[in-house]
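J.: Dropping the structure in here first, questions after.
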Amino acid sequence: MLQLVLFFVFGTIAVAAAVNLLAQRHPINSALSLIVVMASLAALFLLMGAEFLAAIQVIVYAGAIMVLFVFVIMLLNAGAEERTPGSRVAMLLGFPAVVLLAGSLAWTLLARNPRPAPVALGGGFVGSPTAIAQLLFRDFLLPFEVTSVLILIAIMGAVVLASPPRTTAGAASPEPPAKRER
Amino acid sequence: MVPISYYLVLSAILFSLGVVGFLIKRNLITLFMSIELMLNAVNLAFVAFAWQWKSLNGQVFVFFVMVVAAAEAAVGLAIIIAVFRTRETLNVDRVNLLKL
Amino acid sequence: MPLAPAITDLDQLKERPALARLLAWNPDAVEAAKLDRDELTIVVKRPAIREACAILRDDGKLQFNFLCDITCVDWYPNEPRFEVVYHLLSVPRQQRLRLKVRLAGDDPSLESITSVWPSANFFEREIYDLFGVRFSGHPNLRRIMMPEDWEGHPLRKDYPVEGYR
Amino acid sequence: MPQMFTPSPTLEATGPSTMTLNMGPQHPSTHGVLRLLLEIDGETVVRLMPDIGFLHTGIEKTCEAKFYQQAVPLTDRIDYLCPLTNNLCYVLAVERLLGLEIPPRAQWLRVMLNELTRINSHLVWLGTHALDIGAMSVFLYCFREREDTLRIFEMVSGQRMMTSYFRIGGLALEPPLGMFDTVRKFVNRFPSRVDEYENLLTANPIWLRRTKGVAYLAPEDAIALGATGPTLRASGVDIDLRRDMPYTGYEKFQFKVPISHDGDVFARYIVRVEELRESNEIVRQTLEGVPEGPIKADAPKIVLPDREKMKTQMEALIYHFKIVTEGFPVPAGEVYQAVESPRGEMGYYVVSDGSPKPYRVHVRAPSFANLQALETMCKGRLIADVVAAIGSIDIVLGEVDR
Amino acid sequence: MLRLYVEEKMLSITTFVIVSVIKIVIALAVLLTAVAYTVWLERKLVGRIQNRWGPQRVGPFGLLQPLADGAKFIFKEDLTPPYVYKPLYIAAPILSLVLALTSISLVPIGNWVTVRGVRTPLEITDVNIGLLIILGITSLSVYGVALAGWSSNSKYSLLGSLRASAQMVSYEIALGVSLVGVLIMSGSLNLREIVDMQGGHMAGFIPRWNIFRGQIVAFFVYLAAAFAETNRVPFDLPEAETELVAGYHTEYSSMKFAMFFMAEYANMITAASIATLLFLGGWHGPLGGPWWLQAILPVFWFALKVFGFIFLYIWIRGTLPRFRYDQLMAFGWKFLFPIAVANVLVTSLIVALQK
């Protein structure tokens, strides 16, 4: 029962924040809404026993990726978004299509009428760090290593892309001191 | 006692909202955030399935999604900075040429 | 220590290296000279000041390579009204030299020496600000001490000490 | 909407990625009321423009309306960290205009107090410079010793800061009993205190990182930009007016002139710290054998008579009355007198037209000229280096603006 | 799974809620008092370091100074400059303070206690991934700083918050990696278990604290990174007052400023607590004694170690100058991070060989 209440609370928060993400014009508000979505998803993860993932969700998503977003918004001093004819077309066509998509997805999922999973609060299945680590470093070792390479490449790519064109040399090191005057 | 389908429906709603955002928003950064929202929705589905089947594989996949999202965010935001530097705008309608 | 009388005769001072160098360059550029209290003053004609400074700086024997100071004296109501005073120092020889340019009250302007010594920048701005003497060729001739919209030039003698009320 | 106040002058950003930053006049590290207009790209300084004049008090103009002796207290206010150096420079200029000979005792005392003033000023510099770079404690350690020097000034003149102790023709008062003992105690204690500051800073890796190679000034640039004093000596130009063009008896004392060839903030720091030690040695030398004798020149028409004489002798009373009410005429002429102030070459250009009031007093302020070197030092460097550079040239805004 | 520890000795969920509320109230009261007196301690100690007295007018030894400060903060005019982005401008300090206070809820300060048959840990809640959650909350505290700077709409604030967010994100990595060594040795993310691993002695007298078991390098990396995370000297660049006036909180006044201030000190205390738990053996101490002493001593040892850490913070503040920004980044990425990684490699190698 408690679980259902918590699900609805955090689910509502997540959906409301996601709607707010769309409604807000200024990117920084959208970013903050997304952080709220992520935090409530982390709570939902906890409900489903994915405690390691919940913590990682907060640390990596909210604490690192979204900080990067906020940082870039601050750096570029991006202002409020402007409406253009293109956005109006997207609104007219996109909304019905998406409502259709969401509706069909929900119908498909609910029509199956699955049994409620009978897992009580505090019971057995836990995605503990140890369990995940064992899976990650045995069965998924190759993908894990591949992702580390991916991250490395991403770092290098980001540095290359974001570094300004080489026009001004950085802080020049002082030249060797000139000869004494006399 | 939450049915698995509730989680999946929530995931579907969040995913759809992400799609809506991707379609109607005009700011590059917000677009990017919509993509992140979709990824999060997928993560939720993954965790829900993992819970249903009592298998951690789903959670491990979420882990990989996060890694990819982090890499994507780093590169994507770097591209946005580069675009902003040349175009001085973040509106996708004005950033319609592939050439920087 | 009684004061020795000032020597103002150009002929007596001809042997002084700085003066000799300037006379050798252009006798017309030197208007007067004075040796008073061990300080040599050379009055240079207005058009020659920048080149005179450059010569004094670059001459291998004189080496007046350091500009200490530029200031101005207002001799109102006498004419020529303004005297712009340059103090040069030779760091290697440890000698000082004073150059002067006399300016008429109705046209207080002369050439800037910022191209010879960049350090003249602030000094000339200060003189412009407080005396209203204009320096042609100065990169940024704006008021430095007083606000931008100040009226008058406070160090002129016809400007009251208490300011205009 | 409230109206935003836009101060002038303004600096326009020149590039798309740059922004302008207004540093001061109310800013913790501009040492008073300096305003710096910075154009920055990220945190890198692209352009730097000092805006001064917030403390312009018109002292030069005021001097023209005073008698010669009345201008002495005004000179205190020009550089409020070394008032005695200002006194000395002005007084020497007027004495040269008058052709006045100063008794040796007065000269020795002038040297002693002048060097104590240098220590005082350098202590304030060291404290605030360290504070700028984030070392809090050095500031209070320096002020502890500064308090001692201020007490000595209070002993001799009755004032801690605006002393006006040097007068045209000598000194204001005979120093009180016990003054030399106090100075001796200070001199004996001081070197260990300098060691204490150096322990905290000189070998500190963070301090070295913040100062080495920062705000480099080449010797030719330093000369071209009019830098003087420790700023110039740290760039490797060996000139010190005390040694090279001695005044008020400096030729009688032995001292080293510390120079460095590095031209960076650390070099300026080391040069000044060494100067602290050298000044202390000069004070120690002056303590050995201060000559006995009068402290005022024998020039009754110029120097105020003693209180005792004034009450007993008619002539003295008349002279006193005349000096105070009419001043004393000074022979026409002009003099440029330069001394080595803690900040560099301080020059007084005094023009006399033969009347008892100076026709023109101009101060060649070392800080004013040194400030011009700031842009060369800071271009292409970070904002944090600007703070270090301002500290290292040791400006006093009272002197910059006068 | 939310392990809420509704154990057999706890009577019901009602008791759990009541006990939790009591513990939250006590923890908040203790923490806020500790924050106030850390400020007092800092002023006093820095004063002594600098040859002056520090606060001594309000109460004996200035002990009531925090109250006076608090009263002053409350009664100061609360300025909101024009042109700020108001919702975030107001939210930022609250966010900072809330996150700073939240993270302390996961810090255990002593063993389990049993009062009237209710057995409860000496912390607000015991979670088996406690350390990860603390790290998560700390990683969120960047937002308080970043949003404060951005919403103030002032250049100094913006520069300060850009610096701060870059600095905090960068040093978080070194900080996290420096903890991995300890985690490998203890094999748990539960702070209580990590502390329990450190009980007892090696070779008769050396305590089995992690710092003595090869994690000394990690400890110093953590020390440096924690200084940077809490924006303290010599890494206090975000609020470097001689460069950026006050950095991200330049435009804040009154209680809003006080919230940042309290958050900074609360973060200090959290960082000190984590250092104590992970490296210094938590509440383990040398003395034994009667049962009542055993009940009090762990808390005492814990408090003593936290105090020692805070003393170090203050001492360093009185001694060192400040880094320059690029040097700070270089120090974090090129020095601390490689060392932390090397420490992880060596530790895991040793642990693997021992098995």
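Sequence order for the protein chains is A, B, C, D and E. In terms of our numbering, the first sequence opens at residue 1 and continues consecutively. In terms of our numbering, the second sequence opens at residue 183 and continues consecutively. In terms of our numbering, the third sequence opens at residue 283 and continues consecutively. In terms of our numbering, the fourth sequence opens at residue 448 and continues consecutively. In terms of our numbering, the fifth sequence opens at residue 850 and continues consecutively. Note that beta-carbon positions come from the ideal geometry of N, C-alpha and C, so glycine has one too. Everything numeric in this text was worked out from a predicted model, so none of it was measured.
Compute the Euclidean distance between the alpha carbons of Ile499/D and Asn817/D, then round it to the nearest angstrom.
T.: Distance between the alpha carbons of Ile499/D and Asn817/D is about 13 Å.
J.: Please state if the CB of Asn977/E and the CB of Asn1059/E are separated by a distance shorter than 7 Å.
T.: Not closer than 7 Å, so no.
J.: At 7 Å on the CB atoms, spell out the chain F contacts of Ile195/B, in chain order.
T.: As a matter of chain content, chain F is missing from the structure shown, whose protein chains are A, B, C, D and E.
J.: Taking Asp691/D and Gln376/C to be in contact with their CB atoms under 8 Å, please state how far apart those CB atoms are, rounded to whole angstroms.
T.: Going by Cβ atoms, the distance from Asp691/D to Gln376/C rounds to 5 Å, so yes, they are a contact pair.
J.: Skipping 5 residues on each side, what residues in its chain have a beta carbon closer than 8 Å to that of Leu437/C?
T.: Hits under 8 Å: Cys354, Asp356, Leu412 and Phe413.
J.: Which residues in chain D have a C-beta closer than 9 Å to the C-beta of Tyr1174/E? List them in chain order.
T.: By Cβ distance, chain D contributes Glu490, Leu829, Ile830 and Ala831.
J.: 7 Å is my cut-off, CB to CB: does Ser397/C come that close to chain D?
T.: Cβ-Cβ to chain D under 7 Å: no for Ser397/C.
J.: Fully enclosed by the region 622-693 of chain D, which alpha helix (DSSP H) runs are 4 residues long or longer?
T.: If we require 4 residues or more, the alpha helix (DSSP H) runs fully inside the region 622-693 of chain D come out as 626-648, 652-658, 666-671, 677-680 and 688-691.
J.: Could you tell me the alpha carbon to alpha carbon distance between Ile1000/E and Gly993/E, rounded to whole angstroms?
T.: Ile is not the amino acid found at residue 1000/E; the sequence shown has Ser there. Their backbone Cα atoms lie some 11 Å apart in a straight line.
J.: Met692/D CB to nearest chain C CB: under 7 Å?
T.: Chain C contact via Cβ: present.
J.: Per DSSP, what kind of secondary structure is Ile943/E in: helix, strand or coil?
T.: DSSP places Ile943/E in helix when its eight states are reduced to three.
J.: So that I know if they touch, is there some Cβ in chain D lying closer than 7 Å to that of Leu853/E?
T.: Unreliable positioning characterises Leu853/E in this predicted model, as indicated by a pLDDT of 43, which lies under 50. The coordinate reading is nonetheless provided below. For Leu853/E, the answer is no, since every Cβ of chain D falls outside 7 Å of its Cβ.
J.: Taking Cβ positions only, does Glu51/A come closer than 7 Å to chain E?
T.: Yes, Glu51/A counts as interfacial toward chain E.
J.: Could you tell me the distance, in whole angstroms, from the CA atom of Ala286/C to the CA atom of Leu545/D?
T.: Distance between the alpha carbons of Ala286/C and Leu545/D: 11 Å.
J.: Name, going along the chain, the residues of the region 398-414 of chain C whose beta-carbon falls closer than 7 Å to a beta-carbon of chain D.
T.: Answer set for the region 398-414 of chain C: Trp399, Pro400, Ser401, Asn403 and Phe404.
J.: Starting from the beta carbon of Leu109/A, find every residue of chain B whose beta carbon is closer than 8 Å, and list them in chain order.
T.: What Leu109/A touches in chain B: Ser187, Leu190, Val191 and Ala194.
J.: Listed in chain order, which residues of the region 653-678 of chain D have Cβ atoms closer than 7 Å to some Cβ of chain C?
T.: Listed in sequence order: Ile670, Ala671, Leu672 and Gly673.
J.: Take Asn209/B as the anchor and find which of Asn77/A, Gly103/A, Thr130/A and Leu93/A has the nearest alpha-carbon.
T.: Nearest of Asn77/A, Gly103/A, Thr130/A and Leu93/A to Asn209/B, Cα basis: Asn77/A.
J.: From this set, Arg319/C, Thr290/C, Ser394/C and Ile324/C, which residue's C-alpha is nearest Pro299/C's C-alpha?
T.: Closest option to Pro299/C, Cα to Cα, is Ile324/C.
J.: Report the neighbours of Ala582/D on chain C: residues whose CB is nearer than 8 Å to its CB, in chain order.
T.: Chain C residues near Ala582/D: none, gap ~31 Å exceeds 8 Å.
J.: Could you work out which residue in Ile186/B, Met215/B, Ala194/B and Phe245/B is closest to Ser104/A when comparing CA atoms only?
T.: Of the candidates Ile186/B, Met215/B, Ala194/B and Phe245/B, the one whose C-alpha sits nearest the C-alpha of Ser104/A is Ala194/B.
J.: Alpha carbon to alpha carbon, how far is Met559/D from Leu672/D? Give it in angstroms, no decimals.
T.: Whole-angstrom Cα-Cα distance: 31 Å.
J.: Indicate whether at least one CB of chain B lies closer than 7 Å to the CB of Gly11/A.
T.: With 7 Å as the cut-off, Gly11/A counts as an interface residue toward chain B.
J.: Comparing C-alpha positions only, which one of Pro776/D, Gln819/D, Ser788/D and Arg790/D sits nearest to Gly801/D?
T.: Measuring from the Cα of Gly801/D, the nearest candidate turns out to be Pro776/D.
J.: Could you have a look at Trp1234/E and say whether DSSP puts it in helix, strand or coil?
T.: For chain E, the structure presents residues 850 to 1204; residue 1234/E sits outside this window and is missing.
J.: Any idea which residues DSSP pairs Tyr783/D with across the strands?
T.: According to DSSP, which records beta bridges pairwise, Tyr783/D is partnered with Tyr796/D.
J.: Would you call the region 947-959 of chain E and the region 869-884 of chain E in contact, with 3 or more CB pairs under 8 Å?
T.: Yes, the region 947-959 of chain E is in contact with the region 869-884 of chain E.
J.: Compare the beta carbon distance of Ser33/A and Leu46/A with 7 Å and say whether it is the shorter of the two.
T.: Cβ distance not < 7 Å, so Ser33/A and Leu46/A don't count as in contact.
J.: For Asp668/D, which residues of its own chain have a beta-carbon under 6 Å away from its beta-carbon, when the five flanking residues on both sides are left out?
T.: Here the set comprises Thr823.
J.: Does the beta-carbon distance from Leu485/D to Pro497/D come in below 7 Å?
T.: No, Cβ-Cβ distance for Leu485/D and Pro497/D is not below 7 Å.
J.: Cα separation between Val191/B and Gly471/D?
T.: C-alpha separation (whole angstroms): 57 Å.
J.: At the level of alpha carbons, what is the spacing between Val493/D and Phe713/D?
T.: Cα to Cα, the separation comes out at about 23 Å.
J.: Buried or exposed: where does Asp291/C fall if 16 or more other Cβ atoms within 10 Å of its Cβ makes it buried?
T.: Exposed, since its Cβ has fewer than 16 Cβ neighbours within 10 Å.
J.: Across which residues does DSSP place Phe417/C in a beta bridge pair?
T.: Per DSSP, Leu392/C.
J.: Please state whether the Cβ-Cβ distance between Arg790/D and Asp841/D is less than 7 Å.
T.: Yes, these two residues count as a Cβ contact at 7 Å.
J.: Per the DSSP calculation, Asn273/B is bridged to which residue(s)?
T.: According to DSSP, which records beta bridges pairwise, Asn273/B is partnered with Asn209/B.
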